[in-house]
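Notes follow once the structure below has been shown.
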Amino acid sequence: MEGPVIQRPRGTRDLLPPDTRLWQAVEGVAREVFGSFGGEEIRTPVFEPTELFVRTVGESTDIVNKEMYTFPDRKGRSLSLRPEMTAGVARAWIENHLGDRSQPLRLYYIGPMFRYERMQHGRYRQFSQIGLEIIGADTPLADAELLAAMHEFFVRLGFLDLEIHLNNLGDPEDRGRYQEAIRAALAPRRAELCADCQRRLEENPLRILDCKVPACQVIAADAPGMDELAGDASRQHVAKVETHLQRMAIPYVRNHRLVRGLDYYLRTVFEVVSPQLGTNTVLCGGGRYDRLIADLGGPAVPGVGFAIGEDRLVEVLPARFKDAVLARPAVYVVPLGEAAQTQVLELARNWAREGVPVEVEITGRSLKAALKRADREGFRVVAMLGDDEISARTVTVRDLVAGDQSAMPLADLPVWWRALTPVSPPARRGNV
RNA sequence: GUGAGCGUAGCUCAGCUGGUCAGAGCACCGGACUGUGGCUCCGGUGGUCGGGGGUUCAAAUCCCCUCGCUCACCCCA
Numbered sequence: 037m038e039g040p041v042i043q044r045p046r047g048t049r050d051l052l053p054p055d056t057r058l059w060q061a062v063e064g065v066a067r068e069v070f071g072s073f074g075g076e077e078i079r080t081p082v083f084e085p086t087e088l089f090v091r092t093v094g095e096s097t098d099i100v101n102k103e104m105y106t107f108p109d110r111k112g113r114s115l116s117l118r119p120e121m122t123a124g125v126a127r128a129w130i131e132n133h134l135g136d137r138s139q140p141l142r143l144y145y146i147g148p149m150f151r152y153e154r155m156q157h158g159r160y161r162q163f164s165q166i167g168l169e170i171i172g173a174d175t176p177l178a179d180a181e182l183l184a185a186m187h188e189f190f191v192r193l194g195f196l197d198l199e200i201h202l203n204n205l206g207d208p209e210d211r212g213r214y215q216e217a218i219r220a221a222l223a224p225r226r227a228e229l230c231a232d233c234q235r236r237l238e239e240n241p242l243r244i245l246d247c248k249v250p251a252c253q254v255i256a257a258d259a260p261g262m263d264e265l266a267g268d269a270s271r272q273h274v275a276k277v278e279t280h281l282q283r284m285a286i287p288y289v290r291n292h293r294l295v296r297g298l299d300y301y302l303r304t305v306f307e308v309v310s311p312q313l314g315t316n317t318v319l320c321g322g323g324r325y326d327r328l329i330a331d332l333g334g335p336a337v338p339g340v341g342f343a344i345g346e347d348r349l350v351e352v353l354p355a356r357f358k359d360a361v362l363a364r365p366a367v368y369v370v371p372l373g374e375a376a377q378t379q380v381l382e383l384a385r386n387w388a389r390e391g392v393p394v395e396v397e398i399t400g401r402s403l404k405a406a407l408k409r410a411d412r413e414g415f416r417v418v419a420m421l422g423d424d425e426i427s428a429r430t431v432t433v434r435d436l437v438a439g440d441q442s443a444m445p446l447a448d449l450p451v452w453w454r455a456l457t458p459v460s461p462p463a464r465r466g467n468v
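Here our numbering = 1-based position in the first sequence + 36.
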């Protein structure tokens, strides 16, 4: 072959073993937890009509302005790779008449999203989100249940250091009034704001609240909190959500400067941040979107949801969870000599049928080399079959952790394996 | 879209102001130990020094271009 090797597109990545095991495990926990809260999986197309995202995510947001993978198909229709999932779920809800089913619907999803952005730590052009949406319930109880499911998910993964930030974004009717209030409060100190914030003062005053420039943060602290100017309805709603969270002892902090980047959110909004993520600390974001489905031409049906960034999640997974997942539980089956080679595969298959994970040595390396590999790869058990064993109809089984070995009848291995006392997995070298 | 840094073996890197500079450690394979790991020792596989052009007697080393990667801003998962 000529020419340079083909490389993956910028901002994408190859997920390789053993890391893929972490992804599988995380997704398994998501299915288990969200399923146990009454959730069902939904899968929607990876690309949708561009118009869908323009109308839901918002015309003025960065996501639709400069971050969408938009292209015409062969008939000239404008399509876009989905930059987020909620819009597609809402569209599917309308198109498939899900309103005819018993409400509410709890829908979870796992899949890739696409945003054309410059690469950075924790930011990719193709990234995976795990999300949950509760559609058809406008009660604070729905928000609380959603947050409880989310919290439970993180707990199952062993997270101890995450923070849930919560805020009230008010109702759309309050928004204009609120923006004016911020302008009025900050205009006198305009000169002290950073260049970006001076621009935001005109275009999107809310964004000043979460500016990272320290000087702006000081000034923004004087601005009225969103909650103060929000209508009574939204304030009471969020207050009840908080009551429910407190009752369940789910820790959270009120963050009056929390703003979200999608236009459809109202009332309850929240983020989960990890202190370990460097600059892009947001692991999960979500909120309520009671007007979204109606805005798309559907009935007036409320919803709440969140999306977890799976790439970032895997990056900061607690060590205990990772170690447990990465421990290699298989029995390494090593044939010694010609006669054994004709028998190990069948032997391994029989054990596998009884639920013992096996891996057969098929490269012909020496026993010494095989044991060395078993040690490095983290196998707990090596089963050796040679001429002696064949004539005795036994197998020699070595426990690498205990350092001892014994011969046993071939059929006894599965029982012996299941009786093995679990040992905390040895620390693996690198690569995760 | 804006700004900064970096590209030498699979991985982490050394190689100063151009003249054995193509190296080390780890990893991988093999041997010492002919059917027994984790330690030690020995040996081996492996590199167009990201690519192209220029300066020079001579470039991994200096200059230009290009590709790629990384970090930060913006924004977000």
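Glycine included, C-beta positions come from ideal geometry on N, C-alpha and C.
What would DSSP say about residue 101, mapped onto helix, strand or coil? For this step, residue 101 is matched to residue 65 along the first sequence. When secondary structure is reduced to three states using DSSP, residue 101 falls in the helix class.
Within 10 angstroms of its Cβ, does residue 241 collect 16 or more other Cβ (buried), or is it exposed? Working through the first sequence from its first residue, we reach residue 241 at position 205. Flag for residue 241 reads buried.
Give, in chain order, every unbroken run of the beta strand (DSSP E) that is at least 3 residues long and sits entirely within the segment 75–99. Counting only runs of 3 or more, we get 83–85.
Using a Cβ-Cβ cutoff of less than 7 Å, which residues in the same chain neighbour residue 134 once the five nearest sequence positions on both sides are dropped? Walking along the first sequence from the start, residue 134 turns up at place 98. Cβ neighbours of residue 134 within its own chain (closer than 7 Å, five residues either side excluded): 141.
Could you check the C-alpha separation between residue 118 and residue 305 for me, to the nearest Å? Start at 1 with the first residue of the first sequence, and residue 118 comes out as number 82. Start at 1 with the first residue of the first sequence, and residue 305 comes out as number 269. Take the alpha-carbon of residue 118 and the one of residue 305: they are about 21 Å apart.
Same chain, Cβ closer than 6 Å to residue 94, neighbours up to 5 away in sequence not counted: Residue mapping note: residue 94 aligns to position 58 of the first sequence, counting from 1. For residue 94, where only same-chain residues beyond five positions count, the Cβ hits under 6 Å are 299.
So for residue 164, helix, strand or coil by DSSP? Walking along the first sequence from the start, residue 164 turns up at place 128. Reduced to three states, the DSSP call for residue 164 is strand.
Within 7 Å, strictly: CB atoms of residue 313 and residue 356: Here residue 313 refers to the residue found at position 277 of the first sequence. Here residue 356 refers to the residue found at position 320 of the first sequence. Cβ distance not < 7 Å, so residue 313 and residue 356 don't count as in contact.
Per-residue burial, residue 481 [other beta carbons within 10 Å of its own, 16 or more giving buried]: Within the shown structure, residues of the chain are numbered from 37 to 468, placing residue 481 beyond reach of any answer.
Rounded C-alpha distance that separates residue 172 from residue 80: Within the first sequence, the letter at position 136 stands for residue 172. Within the first sequence, the letter at position 44 stands for residue 80. Using only the alpha carbons, I get a separation of about 19 Å.
Helix or strand or just coil, what does DSSP make of residue 247? As a working note, residue 247 is residue 211 in the first sequence. Under the three-state reduction of DSSP, residue 247 is assigned to coil, being neither helix nor strand.
Alpha carbon to alpha carbon, how far is residue 151 from residue 318? In the first sequence, counting from the first residue as 1, residue 151 sits at position 115. In the first sequence, counting from the first residue as 1, residue 318 sits at position 282. Between the alpha carbons of residue 151 and residue 318 lies a distance of about 16 Å.
DSSP state of residue 7, grouped into three classes? Residue 7 is absent from the structure shown; the chain starts at 37 and stops at 468.
Tell me which same chain residues have a C-beta within less than 8 Å of the C-beta of residue 48, skipping the five on either side of it? The residue given as residue 48 occupies position 12 in the first sequence. The beta carbon of residue 48 lies closer than 8 Å to those of 160, 161 and 162 in the same chain, with the five residues before and after it left out.
Run through the DSSP bridge pairs and tell me what residue 368 is partnered with. Reading the first sequence from its first residue, position 332 is the one you call residue 368. Per the DSSP secondary-structure output, residue 368 pairs in a beta bridge with 395 and 418.
Give the DSSP bridge partners of residue 114, in chain order. Counting from 1 along the first sequence, the entry for residue 114 is found at position 78. According to DSSP, which records beta bridges pairwise, residue 114 is partnered with 108.
Length of the line joining the Cα atoms of residue 448 and residue 373: The count along the first sequence starts at 1 and reaches residue 448 at position 412. The count along the first sequence starts at 1 and reaches residue 373 at position 337. Take the alpha-carbon of residue 448 and the one of residue 373: they are about 22 Å apart.
Please list, in chain order, all residues of the same chain as residue 50 whose beta carbon is under 8 Å from its beta carbon, the five residues on each side excluded. Locating residue 50 in the first sequence gives position 14, counting from the first residue. 44, listed in sequence order.
Run of the alpha helix (DSSP H) containing residue 301, from where it starts to where it stops: As a working note, residue 301 is residue 265 in the first sequence. For residue 301, no alpha helix (DSSP H) segment is defined, and its DSSP state is neither H nor E.
Span of the beta strand (DSSP E) holding residue 402? Counting from 1 along the first sequence, the entry for residue 402 is found at position 366. In this chain, residue 402 is not harboured by any beta strand (DSSP E), its DSSP state being neither H nor E.
Are the segment 119–139 and the segment 82–102 touching by the rule of at least three beta carbon pairs closer than 8 Å? By the Cβ test, the segment 119–139 is in contact with the segment 82–102, since at least three Cβ pairs between them sit closer than 8 Å.
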